[in-house]
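Protein sequence lines, in the order shown, are assigned to chains G and W.
The numbering of the first sequence is the numbering used here, which starts it at 4 and goes up by one.
The numbering of the second sequence is the numbering used here, which starts it at 76 and goes up by one.
A virtual CB, placed ideally from N, CA and C, is assigned to each residue, including glycine.
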Amino acid sequence: MTASLNTKLSLGPIQYYWDRDTVFDFYKQVAESPIDIVYLGETVCSKRRLMRDEDWLEIAALLRQAGKEVVLSTLTLIEANSELRKLKSICKNEEYAIEANDMAAVNLLAGKQTFITGPAINIYNARTLNLFARQGVKRWVFPVELSRETLADILKQRPEAMETEVIVYGRLPLAFSARCFTARSHNLQKDDCQLSCIADPDGLLMKTRENDPFLVINGIQTQSAKSCNLITELEDMKEIGVDILRISPQSKSTAEIIKIFHDCLHGKKSIQDASNELDTLSPTGTCNGYWHGGAGMESVEQHLEKSRTGHL
Amino acid sequence: MSNTNKTMELVCPAGNLPSLKIAVNNGADAVYMGFKDDTNARHFAGLNFNDKRAQEGIAYAHERGSKVFTAINTYPQPSGWQRWQDAVDHAAQLGVDALILADIGVMDYAAERWPDLRLHLSVQGSATSQESIEFFHKNFDIKRAVVPRVLSLKQIQAVTENSPVPIEVFGFGSLCVMVEGRCLLSSYVTGQSPNTFGACSPASAVQWKETDAGLETRLNEVLIDIHGKDESAGYPTLCKGRFNVNNNTYHALEEPTSLNTMALLPELQRAGVAAIKIEGRQRSPAYVEQVSKVWREALDSAQQDPENYQPKREWLEALDKVSEGSQTTLGAYHRPWQ
């Protein structure tokens, strides 16, 4: 038995700083992939400006033409007035849906148009989700630190027509700071960062003093070194009411990863094979602890036989 | 919204009744406290208030003209929802002067059930701009917002000027280098975070081990740091450990330091900041005494003569003694730190 065909796949925004050509090439591949929804835009650092607004809109048009649903994502940590102005201009776009990643964006969009809340908007309970629904939220991305149990509980009181999206693959966004840790690693101040994060297409690995990969520095963002991988949970997710599965881009093999998830959803690949393949495609291992109610970094072994028949 | 009377309120931590009394006696305009469970962001063993203590503390503060705020500033999940709702009801019935809230659902409940009770947006609410604060003002009529420790002085000035409600900023204490309310590092390692559990790098996950290389500090088995014999080992808050990046081992995120904005008081006052918050409900009554006393003097001095204000040496020395790592920083207020 496989997950239902109406579960959609989405591709989250690129978290890293890639040069313009790389971004264009990346989305040309994405346009040909079996992804359903694509989130576009800079969500981490406002100093990353190689991609201009027109560039993003050009990619948006290309993806729409290829039959993809396009969503414009917005900055997560808003500090300067210049960042607010930029946010306002994105929120005025009526062509595409917007993903709010900060309450400033929520305030700009609430009551004016339907929108989507990203993983950094704290929706931890049904009362919050229902309030957001009344403000015009039509889809929410489940916060990464919460468990399957919590999601199932919230979805029992799910507002009508609310879509639920869960990050199922990729390094997890864990924290945002005023400080740029990439600049710090080069002994530079943020105001003179020299956009040094462009050298790290998957972020900069931070290891413990025992050399265990631990976290990833990505400018002002800190990510998990391990990639979250919930491929074994697809059937269960469908049962509790998850509508969309989000994959987070990485510099290599994103198209393959999309295909693996797509094949699993369509019964063309076994979960076991998919799981093994994803392990080899993740830069520094995988984890699924948050989903199972534990520490995010943990890997809980799944009984694949059970998960395939939907009795976890 | 700028505070027009230019008197900044001193808001001090009260982890227990002795601390509350000491803070009040040493000039706190307001104290903030929490209940003995995961509904507040200092959910530590032996800390916080039961019913009887809360009643006594509130009476003590009110008799002496100080206000009491209750922090209910973590994020409930459905299985625990009732606890947060009860905490709101409980605080309201006790007659506290304001609730400090983070979760939108809890705020929605509090605003509906207790429409006359003052609501403050907690730093855990993660609002860093006037636009974000506006959401909470519009929907829940909040009366004050505490802003995260990620803003520069210039940004604080801009938010204060444009915010629909008065602004409270952190003046002293432990420094979060990540924007509060959106930091999951602790739960990534331990399963418990400030948002879900009310603690960062919780003590139950800490391991100390003496080895040949020095004293190892671990959090759920992850090595946070090793301290040589000549180094003092602090609590292993995970963002303040030493890690390896590009073959360099250093404090990759932040050193073990405390925030101290005492030097900026005239600027904060001029910007119209309404209140200065002192961190440290988990600290001892002796810390609360020292810090409340020194900050009371500093605030009074900055108010009387802002042009000639300078932090006195003895104040700074007193604060250094109680600071994490015996070091202080202006943190994000000072742009080069970023």
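- GLN282(W) has ARG293(W) as its beta-bridge partners, per DSSP.
- Of all residues in the region 257 to 274 of chain W, only ARG257, CYS258, LEU259, LEU260, SER262, TYR263, VAL264, THR265, GLY266, SER268, ASN270, THR271 place a beta-carbon less than 8 Å from a beta-carbon of chain G.
- Just so you know, the alpha carbons of ALA105(W) and ARG117(W) end up roughly 18 Å apart.
- The contact set of LEU149(G) on chain W, defined by CB atoms closer than 8 Å, consists of GLN152, THR271 in chain order.
- Shown here, GLN378(W) sits in a helix according to DSSP, grouped into three states.
- Under the DSSP assignment, GLN226(G) falls in the beta strand (DSSP E) whose first and last residues are 224 to 232.
- For THR257(G) and ALA64(G), the gap between their C-alpha atoms comes out near 21 Å.
- With respect to LEU85(W), TRP370(W) sits close: the two C-beta atoms are nearer than 7 Å.
- In the structure shown, the three-state DSSP call for ILE147(W) is strand.
- Among the residues facing chain W, MET209(G) is included, as its CB has a counterpart in that chain under 7 Å away.
- Within the region 97 to 120 of chain G, those residues whose Cβ lies closer than 9 Å to any Cβ of chain W are, in chain order, ASP105, MET106, ALA107, ALA108, VAL109, ASN110, LEU111, ALA113.
- Assignment of LYS352(W) by DSSP, reduced to helix, strand and coil, places it in the strand class.
- Sequence-distant partners of VAL99(W) (beyond 5 residues in either direction) whose C-beta falls short of 7 Å from its own C-beta, in its chain, are VAL106, TYR135, ALA136, ARG139, SER141.
- Here PRO252(G) really is in contact with ILE17(G); their C-beta atoms are around 5 Å apart, less than 8 Å.
- Contacts between CYS200(G) and chain W, judged by CB atoms closer than 9 Å, are missing: the closest CB pair is about 13 Å apart.
- Within chain G, the residues ALA181, ARG182, CYS183, GLN192, LYS193, ASP194 have their CB atoms less than 8 Å from the CB of GLN413(W), given in chain order.
- Nearest to LEU294(W) by C-alpha distance, out of LYS304(W), LYS315(W), MET76(W), GLY347(W), is LYS315(W).
- In this structure the region 44 to 52 of chain G does not touch the region 273 to 290 of chain G; the number of beta carbon pairs closer than 8 Å is below three.
- The beta carbon of ILE301(W) sits closer than 7 Å to some beta carbon of chain G.
- DSSP places TYR263(W) in the uninterrupted alpha helix (DSSP H) bounded by 260 to 265.
- Following the DSSP letters along the chain, one finds MET209(G) in no alpha helix (DSSP H) but inside the beta strand (DSSP E) bounded by residues 207 to 210.
- By the Cβ rule, the region 218 to 232 of chain G does not count as touching the region 119 to 134 of chain G, because fewer than three pairs are nearer than 8 Å.
- For chain W, the residues of the region 278 to 309 of chain G that bring a beta carbon within less than 9 Å of one of its beta carbons are CYS290, GLY292, TYR293, GLY296, GLY297, ALA298, GLY299, MET300, GLU301, in chain order.
- At the C-beta level, SER94(W) and VAL363(W) come within 7 Å of one another.
- Note on the region 183 to 227 of chain W: whole beta strand (DSSP E) runs with a minimum of 3 residues are 194 to 196, 219 to 221, in chain order.
- TRP156(W): member of the alpha helix (DSSP H) spanning 156 to 169, first to last residue.
- Assignment of VAL363(W) by DSSP, reduced to helix, strand and coil, places it in the helix class.
- DSSP places ASN104(G) outside both helix and strand once states are collapsed to three, so it counts as coil.
- As the crow flies, the alpha-carbon of VAL222(W) is around 12 Å from that of ALA177(W).
- Relative to the Cα of ALA164(G), the nearest Cα in the group ILE119(G), SER188(G), ARG187(G) belongs to ILE119(G).
- The beta-carbon of SER230(G) is placed no less than 7 Å from the nearest beta-carbon of chain W.
- Only THR79, LEU80, ILE81, GLU82, ALA83, ASN84, GLU86, LEU87 from the region 72 to 88 of chain G bring a Cβ to less than 9 Å from some Cβ of chain W.
- Chain order gives the chain W residues near GLU213(G) as LEU298, where near means a beta carbon separation below 8 Å.
- Taking CB atoms only, THR153(G) has a neighbour in chain W less than 7 Å away.
- Contact annotation for THR332(W) against chain G: no contact, minimum CB-CB distance about 13 Å [criterion: below 9 Å].
- In this structure, ALA83(G) sits away from ASN104(G), with a CB-CB distance that is not shorter than 7 Å.
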